[in-house]
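One structure is given here, and the rest of the page talks about it.
2 protein chains.
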Amino acid sequence: MSDEQIRNMEQFASVSGISRPTVSKYFNDPSSVRKSTRDRIEEALEEHDFRPNVYAMNQNRRLTKTIGIVVPYLADPFFGEIARVIERRCIEAGFTPHLFSSHGEVALENEILDGLRSLKPAGVLLAPLGRLSDKSAIETFCKYVPTVLFDSNIEGMGEAFVGSDNHSFVSQTVEYLSRTGEPPCFFEMRNPANPNANKRRHAYLTMMERLSLEPNVIKIDGEGWAFEEIGRQGGLKLLAEKSLPTDTVLCSNDRLAIGLLSACYEAGVRVGRSAGCDLRVASHDDHPYARFTCPPLTTAAHDYNAVSDQSFETLYRLIESGGRFDGRTESLYPARLIMRESA
Amino acid sequence: MSDEQIRNMEQFASVSGISRPTVSKYFNDPSSVRKSTRDRIEEALEEHDFRPNVYAMNQNRRLTKTIGIVVPYLADPFFGEIARVIERRCIEAGFTPHLFSSHGEVALENEILDGLRSLKPAGVLLAPLGRLSDKSAIETFCKYVPTVLFDSNIEGMGEAFVGSDNHSFVSQTVEYLSRTGEPPCFFEMRNPANPNANKRRHAYLTMMERLSLEPNVIKIDGEGWAFEEIGRQGGLKLLAEKSLPTDTVLCSNDRLAIGLLSACYEAGVRVGRSAGCDLRVASHDDHPYARFTCPPLTTAAHDYNAVSDQSFETLYRLIESGGRFDGRTESLYPARLIMRESA
DNA sequence: ACAGGAATTTTACGCGCGTAAACTTTTTAT
DNA sequence: ATAAAAAGTTTACGCGCGTAAAATTCCTGT
């Protein structure tokens, strides 16, 4: 590596013996220049390790190579994992991902969207807060920025939605549970923030009807994103009151189930499907910690990779199409039942 | 809000009746202009909602208002939580935080640092991977960018380090455990990625010696960041071989402990401090899930807020000081023992 | 009312690169 | 070999804002 510092593309172009506009083309898309020139540039690149100024690059470009990724709550390992896979796809495709977390707050979600607009990203992958989201803020945002929603759907927002097929999740768990024991009651938050929760309740009710079983929805109190604690408190209350209607509980999501299992342990209720157990608990999501609960949690797993890949692919097509699709598409991925000890 | 779109600061300045350089000053630091002008600008701002072009702003600035935050593994809720608090501090202080996760990979850590350099951030808060980190890459990075290390220390790197006092963590748990029952053995990974792990082992050995007790370090196999699974496999092996030397296990960190508790449950080993239990398990970190394990985990808690605040404060002072401190400082925060059921 | 300093305006330049147009060279196809 | 097409070069302009210097206006205290 040479000692003299290259300060701008002009200087770099001259030391590499190529004109600046061509070098500019190269950095925009290496495959857009002839192989022989590409080689010369890359040779010079190893010599002088020059990187074009990000700000100057993007300031006067029609479209940046930036992709925004917004998740509602990054302390949830589920989103940590999704973000990881999506980031990787972006980088592989030559984009620069920018990751944001709303941390469960509408104000922050709006701030992020605001800031994102001034980043002028090529596109945005948005997993909104859900019920709490400021619909009109998101709608306005989507008007200016090509956006694909994922994980949680808000009707009509964004050019497409990619998520999991909640009916597939619930139908598998309900079918399995009612086939192998008492039919499940459904354990959820009274005012779920996430729209998936509503879809899951509906799917539960539909499935129970189809199986000619009596549905039973248990709604527990609590607000916010501390689902485990909410599940735990709700569980403790139910167990103390002995008001569980069946010996089989299907939780809306794994984080609630983690709290419920903790409550069961504390209350001395044995959870599991083997003989001598008092209660079966199952759930949905296959949270990264679901396999470490006591007992390990039977759950319906997301196809993390499929959702991540499809989210990015859809956004990529959207960007290529100039930011608009003809119609809003929804891609839903089915679940895979993961049988563990809890049910 | 007016219908005519403001395209640049020039136009905004004219509609607000202020000169462009003054408007520029305002956006750089609102308190740097007279209150009367500030009011006029903010009035116009409500009318036309103009935001200066980020790229043009930063391109020709001595110092951007960007702060980079790098964590080793974002799917770990511990870092999710820390990132949340730090991001908030940055925003409050008028900076724009950019969050990155190395996802446990050196190559990615290096890429992030590379990309960060071209972002020309005012400063960076870096929680390195640790043992796996490319020391020379980090050293080079720190030469160009004012950097404060946090969570995991690499000797001599960065202008300062802010983290937890591992001795405080371990001394409290060891003291408590040996006072209330059999002295603990120490449960850790054979090749821990995180330097805190080494400090904790040393602290354990020191404490045991001080208490005139026989130390016993158990090293389990496994690589990577799937600590829970590593802890679980290690635990299953130990329990099957019945090779645990004492009935009290102190884990290096909570994620290992979560795995170990899962193994205990599977093996039918009753964990807890009450009568009739086979094993006591304690640990360090107060992971967000530690209170939901079965039984809830006795652990030594980080002062999350103090570490986050101090990290940001230190970086802020560093930026104000022009990017260099006279000497490298290390701020260590003590732990708080959290007694739960597991020990 | 006035001096003195602070704040603002004017003027002017440059940052580093995208991009367009016209021209020249190289490659590909006939 | 020759024309057509593709790729590269030259030249030139502009993006939106930071920033510096000089001129002007404003505010504060007396």
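Chains as they are written, first to last, in this note's numbering: chain A, 39 to 381; chain E, 39 to 381. All C-beta atoms in this analysis are idealised placements derived from N, C-alpha and C, irrespective of residue type, glycine included.
Residue i touches chain A at which residues, Cβ-Cβ below 7 Å?
i         : result
E/Leu-170 : Going along chain A, no residue has its Cβ under 7 Å from E/Leu-170, so there is no contact; the nearest lies around 17 Å.
E/Tyr-303 : Cys-332, Pro-333
E/Leu-277 : The premise fails here: E/Leu-277 is roughly 14 Å from chain A at the closest Cβ pair, so nothing lies under 7 Å.
E/Gly-118 : Leu-112, Ala-113, Gly-118
Just to confirm before moving on: does the CB-CB distance between residue i and residue j stay below 8 Å?
i         : j         : result
A/Ser-349 : A/Val-162 : no
E/Ala-339 : E/Arg-374 : yes
A/Gly-165 : A/Phe-117 : In the sequence as displayed, the identity of residue 165 of chain A is Ala instead of Gly. It is a contact, given that the beta carbons lie within the stated cut-off.
E/Pro-184 : E/Ile-296 : no
E/Gly-260 : E/Gly-142 : no
A/Arg-238 : A/His-325 : no
A/Tyr-354 : A/Ala-94  : no
E/Pro-222 : E/Thr-286 : yes
A/Leu-154 : A/Gly-196 : no
A/Ser-380 : A/Gly-310 : yes
A/Pro-233 : A/Ser-190 : yes
E/Thr-284 : E/Glu-220 : yes
A/Leu-335 : A/Ser-202 : no
A/Leu-298 : A/Cys-289 : yes
E/Arg-293 : E/Phe-265 : yes
A/Ala-328 : E/Pro-115 : no
A/Ala-198 : A/Thr-337 : no
E/Glu-226 : E/Ala-235 : yes
A/Val-108 : A/Phe-138 : yes
E/Asn-22  : E/Ala-241 : Outside the modelled stretch of chain E, which goes from 39 to 381, sits residue 22 of chain E, for which no answer is possible.
A/Gln-97  : E/Gln-97  : yes
Spatial neighbours of residue i within its chain, please: C-beta separation below 8 Å, excluding the five flanking residues on both sides.
i         : result
A/Ser-346 : Ile-120, Val-123, Ile-124, Arg-127
E/Val-61  : Met-47, Phe-50, Ala-51, Ser-54, Ile-79
A/Arg-378 : Ala-328, Arg-329, Pro-333, Pro-334, Leu-335, Thr-336, Thr-337
E/Pro-159 : Thr-102, Thr-104, Ile-105, Gly-106, His-136, Val-183
E/Glu-213 : Met-245, Leu-249
Going along chain A, which residues have a C-beta under 9 Å from residue i?
i         : result
E/Leu-157 : Val-92, Tyr-93
E/Ser-346 : Those do not exist, as E/Ser-346 stays about 13 Å from chain A at its closest Cβ, beyond 9 Å.
E/Arg-270 : Arg-329, Phe-330
E/Ile-296 : Tyr-327, Phe-330
E/Asn-32  : The displayed coordinates of chain E run from 39 to 381. Any statement about residue 32 of chain E would go beyond what the structure contains.
E/Leu-137 : Leu-112, His-136, Leu-137, Phe-138, Ser-139
In chain order, what residues of the same chain lie with their CB nearer than 6 Å to the CB of residue i, ignoring the 5 residues before and after it?
i         : result
E/Leu-146 : Ser-140
E/Leu-274 : Ala-301
E/Arg-308 : Cys-315, Asp-316
A/Arg-270 : Gly-297, Ser-300, Ala-301
Could you name the residues of chain E that residue i contacts, counting a contact when the two beta carbons are closer than 9 Å?
i         : result
A/Cys-289 : Simply none; closest approach about 13 Å.
A/Ser-62  : In chain order: nothing, as chain E lies at least about 16 Å away.
A/Glu-266 : Pro-326, Tyr-327, Arg-329, Phe-330
Please work out which residues of its chain come closer than 7 Å, Cβ to Cβ, to residue i, disregarding the five sequence neighbours upstream and downstream, and give them in chain order.
i         : result
A/Leu-243 : Pro-253
A/Val-144 : Leu-167, Leu-170, Ser-171, Asp-172
A/Pro-68  : Arg-76
A/Glu-267 : Gly-297
A/Arg-58  : Met-47, Glu-48, Ala-51
E/Ile-56  : Thr-75, Arg-78, Ile-79
Hey, residue i and residue j are a contact pair by Cβ (cut 8 Å); roughly how many whole angstroms apart?
i         : j         : result
A/Ile-258 : A/Phe-224 : Wrong, their Cβ atoms sit about 11 Å apart, outside the cutoff.
E/Ala-320 : E/Thr-178 : Contact doesn't hold; Cβ gap of about 40 Å is too wide.
A/Ile-176 : A/Ile-150 : So it is not a contact: roughly 11 Å between Cβ atoms.
A/Val-92  : E/Leu-157 : 6 Å
E/Arg-318 : E/Leu-187 : Wrong, their Cβ atoms sit about 34 Å apart, outside the cutoff.
E/Ser-206 : E/Pro-90  : Contact flag wrong, Cβ pair sits at about 46 Å.
A/Ala-313 : A/Leu-277 : About 21 Å separates the two Cβ atoms, so there is no contact after all.
Starting from the beta carbon of residue i, find every residue of chain E whose beta carbon is closer than 7 Å, and list them in chain order.
i         : result
A/Gln-97  : Asn-91, Tyr-93, Ala-94, Gln-97
A/Leu-299 : Cys-332
Can you pull the chain E residues whose beta carbon is under 8 Å from the beta carbon of residue i, in chain order?
i         : result
A/Arg-122 : Leu-112, Ala-113, Ser-139, His-141
- Ignoring anything shorter than 3 residues or poking outside the stretch 136 to 210 of chain E, list the beta strand (DSSP E) runs there in chain order. 161 to 164, 185 to 188, 198 to 202
- Query: Quick one: complete beta strand (DSSP E) runs, 3+ long, within the stretch 283 to 324 of chain E?
  - Reply: Within the stretch 283 to 324 of chain E, the runs of beta strand (DSSP E) that reach at least 3 residues and sit entirely inside it are, in chain order, 286 to 289, 318 to 323.
- Starting from the N-terminal side, write out each stretch of the alpha helix (DSSP H) that is 4 residues or longer and does not extend beyond the stretch 110 to 140 of chain E. 115 to 130
- Query: Counting only runs that start and end within the stretch 326 to 357 of chain E, where is the beta strand (DSSP E) found for 3 or more residues in a row?
  - Reply: 336 to 339
- Query: Counting only runs that start and end within the stretch 233 to 281 of chain A, where is the beta strand (DSSP E) found for 3 or more residues in a row?
  - Reply: 255 to 258
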